[in-house]
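Take a look at the structure below.
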Amino acid sequence: MTLADELLHVLATWSPLEATYAGIPGYDHELPDPSEPGHARLRAEAAGILDRARAATDPDRVTLGVVVQQAEALITRIDTRLVECTLADPLYAAGMSHLAFLPQLEPAGAQAEEDFLTRLAAFPAFYGALAERQRGGRPPVDRMARNAIGFLDRFLALDTPFPQELGARRDELVDGAVRPSLARYREFLATEVAGRGRSDEESGLCWLEDGEADYAALVRMHTTTGHTPAELHQLGRDVLAELDAEYAELGGRVFGLTDPAEVRRRLRSDESLRWRDAEEMLETARNAVARATAAAPGWFPRVPKAECVVKKVPDAEAPVAAAAYYMPPAPDGSRPGVYFTNTHDVHTRDRFIAETVAFHEAVPGHHFAESLALELPGLPRLRRIALVTAYDEGWALYTERLAAEMGLFSSDLMRLGMVAEESVRAARLVADTGLNALRWTREQCTAFLRAHTVLSEVEVQSEADRYVEEPGQALAYLTGRREIQRLRRFAEETLGDGFDLKEFHGVVLGSGKLPLTVLDDVVRGWVGRAKV
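Numbering follows the working numbering, with no gaps: position 446 of the sequence shown is 447.
Now the structure itself:
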């Protein structure tokens with residue numbers, strides 16, 4: 002077994018649900034072990050693999066680079082103990098992610114159905130172990146405990162929380178295992194956590210013991226760079242200032258306004274720029290995805306075989322979910338890629354960012370990166386499914402600007418939405434580091450977002466929740482995009498007339514999901530060969 006395969010087993014054991022979505026066989030019946038001994042065992046295995054990878058002389062340096070970064074990332078996740086204080090986010094909280102994503106699975110065949118039922122039967126053990134871990138762990142933010150309780154209440158109120166047609170055994174397990182275990186976990190949160198957690202004044206990671214060092218480690222993990230929180234904080238402020246010229250140009254064309262603050266104020270306050278209803282939001286997203294899909298062959302040497310469909314975020318998770326997210330297709334083609342858009346409080350959400358978000362989450366953003374990686378022949382599976390935030394989110398943010406080059410935006414208003422979204426990514430560098438490294442209060446964080454972005458109030462609060470629940474993750478977008486842009490400029494300047502943008506995109510997407518330092522080596526190698 003190779004080092005990549007060994008690490009893949011460790012990662013799949015850490016998150017069996019992610020293994021299922023990635024098509025890794027052998028884990029479809031499992032839930033993770035959130036206990037301290039369970040995490041200690043996985044950490045020891047990852048550390049052993051890391052030591053051997055660092056000492057290896059294998060000529061496949063790309064795969065070794067991915068093994069090193071992924072092992073380091075898992076060790077960081079375990080050492081920072083976020084499982085103890087991340088409670089409510091449907092993507093990142095251990096107690097919520099299974100409720101958000103298990104209902105999306107479509108088990109096909111007798112064994113898959115049996116595996117799914119085995120998972121439901123494991124709910125009592127999993128949620129019991131999770132409560133025990135959180136009982137003696139790092140104190141969460143009190144607001145997050147209340148959000149988690151609300152999520153659980155909505156889930157428990159569903160008549161059929163798991164829509165899969167699995168007969169009477171499903172109903173027996175839901176009533177006999179799932180609902181009681183969730184009710185006990187809810188009671189634990191309500192009686193032992195809510196009202197005893199950290200306040201909004203001390204919600205950043207820096208307020209916890211060893212929190213500053215933990216945050217620095219998470220920044221390295223998510224960005225795969227050596228940038229410090231202070232450097233990223235200043236970078237965010239610099240980019241916000243640079244965007245004012247585009248606000249002035251596009252604001253003049255759309256509204257007759259050239260003062261950037263006035264343009265943002267108009268975007269924020271004009272009720273005609275909100276959605277009429279959920280169907281209008283979904284139809285706009287579908288049209289943008291279809292337009293990008295039709296144009297993609299002119300800009301990419303390969304396009305995914307898998308389709309990308311648009312769905313709304315399920316109602317139970319919508320109040321605490323992000324504005325949008327993407328789930329990759331099944332490697333065997335049995336499930337398409339899905340772009341989820343959040344229709345909760347739809348009348349408060351901004352219409353003008355719809356195309357930008359669709360290009361980011363779906364085509365040519367996450368759907369291309371995720372699907373093409375899964376379809377690459379001959380690569381170690383680890384490189385096809387690795388979670389490298391800066392690569393994943395950097396590519397998706399890069400494609401927002403690429404969409405403008407491709408002529409995909411339907412109006413100047415939608416292009417202005419692209420600038421507004423970039424402001425959010427720059428503001429994240431300031432607000433995430435402010436909250437988690439500079440001891441900002443939640444109010445300081447949300448006030449900064451209101452002043453420098455056009456986010457609605459529900460999205461401002463969702464952003465702040467995100468920085469609390471997954472510290473450092475939001476930093477990866479702009480840092481990753483800037484690295485990809487830097488590599489493109491390097492290739493353009495070095496190759497001159499020989500530069501082919503379509504081929505460059507093929508190189509960036511053609512080696513799997515890579516840490517930025519490894520991607521740098523891959524692009525430089527391509528440029529060197531192209532010069533000959």
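Backbone N, C-alpha and C define an ideal beta-carbon position, used for all residues, glycine too.
Note that this is a predicted model, so its numbers are computed, not measured.
- Collapsing the DSSP output to three states places residue 86 in coil.
- For residue 291, the uninterrupted alpha helix (DSSP H) segment begins and ends at 279-296.
- Less than 8 Å separates the beta-carbon of residue 237 from that of residue 429.
- Bounds of the beta strand (DSSP E) holding residue 328 are 325-328.
- Between residue 471 and residue 201, the gap from beta carbon to beta carbon reaches 8 Å or more.
- Beta bridge pairing from DSSP links residue 142 with 199.
- Proximity to residue 88 across 149, 124, 362 peaks at 149, based on C-alpha coordinates.
- Counting along the chain, residue 342 sits inside the beta strand (DSSP E) bounded by residues 338-342.
- The C-beta of residue 205 has 16 or more other C-beta atoms within 10 Å across all chains shown, which makes the residue buried.
- A straight-line Cα-Cα distance of about 7 Å links residue 132 and residue 189.
- Remark: C-beta atoms of residue 107 and residue 336 approach each other more closely than 8 Å.
- Residue 70 is positioned such that its CB atom lies no closer than 8 Å to that of residue 383.
- Excluding its 5 nearest sequence neighbours in each direction, residue 493 has C-beta neighbours in its own chain below 8 Å: 500, listed in chain order.
- Between residue 307 and residue 364, the C-beta spacing is not below 8 Å.
- Taking the Cα of residue 23 as reference, the smallest distance to any Cα among 332, 361, 320 is reached at 332.
- Residue range 309-313 is occupied by the beta strand (DSSP E) that includes residue 311.
- Between residue 203 and residue 139, the gap from beta carbon to beta carbon reaches 8 Å or more.
- In the three-state scheme derived from DSSP, where H, G and I count as helix and E and B as strand, residue 275 is classed as strand.
- Residue 479 places its beta carbon 8 Å or farther from that of residue 416.
- Short of 8 Å from the beta carbon of residue 65, and not among the five residues preceding or following it, lie these beta carbons of its own chain, in chain order: 4, 54, 57, 59.
- Here residue 246 is not near residue 259, since their CB atoms are 8 Å or more apart.
- The straight-line gap separating the alpha-carbon atoms of residue 141 and residue 379 is approximately 43 Å.
- Taking 8 Å as the cut-off, the Cβ atoms of residue 411 and residue 356 count as close.
- Where residue 463 is concerned, the enclosing alpha helix (DSSP H) starts and stops at 458-470.
- Annotated three-state conformation of residue 351 is strand, per DSSP.
- Two segments are said to touch when three or more pairs of C-beta atoms, one from each, lie closer than 8 Å; by this definition the segment 35-53 touches the segment 5-19.
- Remark: C-beta atoms of residue 338 and residue 376 do not approach each other more closely than 8 Å.
- In this structure, residue 119 and residue 30 form a Cβ contact; the two beta carbons are roughly 4 Å apart against a cut-off of 8 Å.
- Measuring C-alpha to C-alpha distances from residue 353 to each of 325, 525, 268 identifies 268 as the nearest.
- In the three-state reduction of the DSSP assignment, residue 503 falls in the helix class, which pools H, G and I.
- Considering only 519, 263, 531, 525, the residue with the shortest C-alpha distance to residue 67 is 519.
- Cβ-Cβ distances below 6 Å link residue 436 to 205, 446, 468 in the same chain, with the five nearest sequence neighbours on each side left out; the list follows chain order.
- In this chain, the alpha helix (DSSP H) harbouring residue 18 covers 17-22.
- The Cβ atoms of residue 484 and residue 510 do not sit closer than 8 Å to each other.
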